[in-house]
Ligand code: SF4
Ligand SMILES: [Zn+2]
Ligand SMILES: [Zn+2]
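In the working numbering, the protein residues as written are 3 to 313.
(1) Is residue 8 near ligand 2, in the sense that its beta carbon is under 8 Å from a heavy atom of that ligand?
(2) Span of the alpha helix (DSSP H) holding residue 101?
(3) Check whether the Cβ of residue 26 sits closer than 8 Å to any heavy atom of ligand 2, and report yes or no.
(4) Any heavy atom of ligand 2 within a distance shorter than 8 Å of the CB on residue 210?
(5) When you measure from the CB of residue 290 to every non-hydrogen atom of ligand 3, does any distance come out below 8 Å?
(6) Which residues in the same chain as residue 224 place their Cβ atom closer than 8 Å to its Cβ, once the five residues preceding and following it in sequence are excluded?
(7) Secondary structure at residue 255, three-state DSSP: helix, strand or coil?
(8) Looking at residue 299 and ligand 4, is the gap between the Cβ and the nearest heavy atom below 8 Å?
(9) Report the residue from 255, 91 and 103 whose alpha carbon sits nearest the alpha carbon of residue 123.
(10) With 16 as the cutoff for other CB atoms within 10 Å, does residue 151 come out buried or exposed?
(11) I'd like to confirm the pairing. Which residues does DSSP put opposite residue 283 in its beta bridges?
(12) Output needed for residue 52: all residues of its chain with C-beta closer than 7 Å, excluding positions within five of it in sequence on either side, in chain order.
(13) Does DSSP classify residue 148 as helix, strand or coil?
(14) For residue 167, which three-state DSSP category applies?
(15) When every heavy atom of ligand 1 is checked, does at least one fall within less than 8 Å of the C-beta of residue 131?
(16) Does the region 136 to 152 come into contact with the region 100 to 114, if we say contact requires no fewer than three beta-carbon pairs (one atom in each stretch) closer than 8 Å?
(17) Are there any heavy atoms of ligand 1 lying less than 8 Å away from the beta-carbon of residue 196, as far as the coordinates show?
(18) Could you round the C-beta distance between residue 183 and residue 216 to whole angstroms and report it? I think they count as a contact, below 8 Å.
(19) Give a single yes or no on whether residue 200 has its beta carbon closer than 8 Å to a heavy atom of ligand 1.
(20) If you compare alpha carbons, which of 299, 292 and 192 is closest to residue 268?
(21) Whose C-beta lies closer than 6 Å to the C-beta of residue 259 among residues of the same chain, with five residues either side of it excluded?
(22) Is it true that the region 243 to 251 meets the region 74 to 82, where meeting means three or more beta-carbon pairs spaced less than 8 Å apart?
(23) Can you find a heavy atom of ligand 1 that lies under 8 Å from the Cβ of residue 239?
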């Protein structure tokens, strides 16, 4: 005998399509989508992420998380006529990968009627990730890419005159990064992870409104909303430790649903107890805020190209 489809536990009217393992809820497509939106709204309000008239630059890579965030924020901000959402994308210069993602991001922005601005490593730093990957170097390509993209996103947000920079980090990204920082003993970086960001002179405040959306729910949301997103991995992907963290957390999550949320909440409890160390000066090469004499982006650029004058 065919199994009866269970009803949605939220509305009780439609058949469920998703069993949420960590809460036991069975949700229909509409209720699932509304819970994602409600969760983002709660995260935004819990961490006071925006003002009623914020100009929000959303970092859009063309992947499911950043496009999902763009959809949700665009919907939420439509209720706040004095606020504005602008998409910014970074072209790291990875042929056959980032160009496809940028096309997808551009299409999504056109459909949503959101202004889209692209900033490239080539223009900002005079190099591309394809060049970096083929240059003899000490660190993995992702180490350079992460530092340079962080800088590029800040420049992008500043240049579109945004007062907030929203990124699409999901719950799994957050938990993996928190564990990586703990295992490396890097409490300073842990302290900088707060989803609500912080006010630091020279930096547009960075917020992570998607940080309570699990990766698989982000994928389901994208599927149900029916938008296209990039699925192929970057050819330079090399974050071995992140892959270990992902496998570890996912393995425990299967046996003990809710573990990823526990890692996230534990990190949030630790953050206020860690001294971040002040940004005390300006980089001698590029003038950006830094803890030392030279910022990390300029250090990496000098290492790649000893005759260069920094980022
Ligand atoms: S996988 Fe690494 S190199 Fe590729 S875009 Fe991401 S951070 Fe950059
Ligand atoms: Zn329902
Ligand atoms: Zn610098």
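Yeah, the Cβ is synthetic: ideal placement off N, Cα and C, and Gly gets one too.
Per the coordinate set shown:
(1) no
(2) 100 to 114
(3) no
(4) no
(5) yes
(6) 66, 69, 70 and 231
(7) helix
(8) Among the ligands present in this structure, namely ligand 1, ligand 2 and ligand 3, ligand 4 is not found.
(9) 91
(10) buried
(11) 292
(12) 46, 58, 85 and 166
(13) helix
(14) strand
(15) yes
(16) no
(17) no
(18) Wrong, their Cβ atoms sit about 20 Å apart, outside the cutoff.
(19) no
(20) 192
(21) 23 and 24
(22) no
(23) yes
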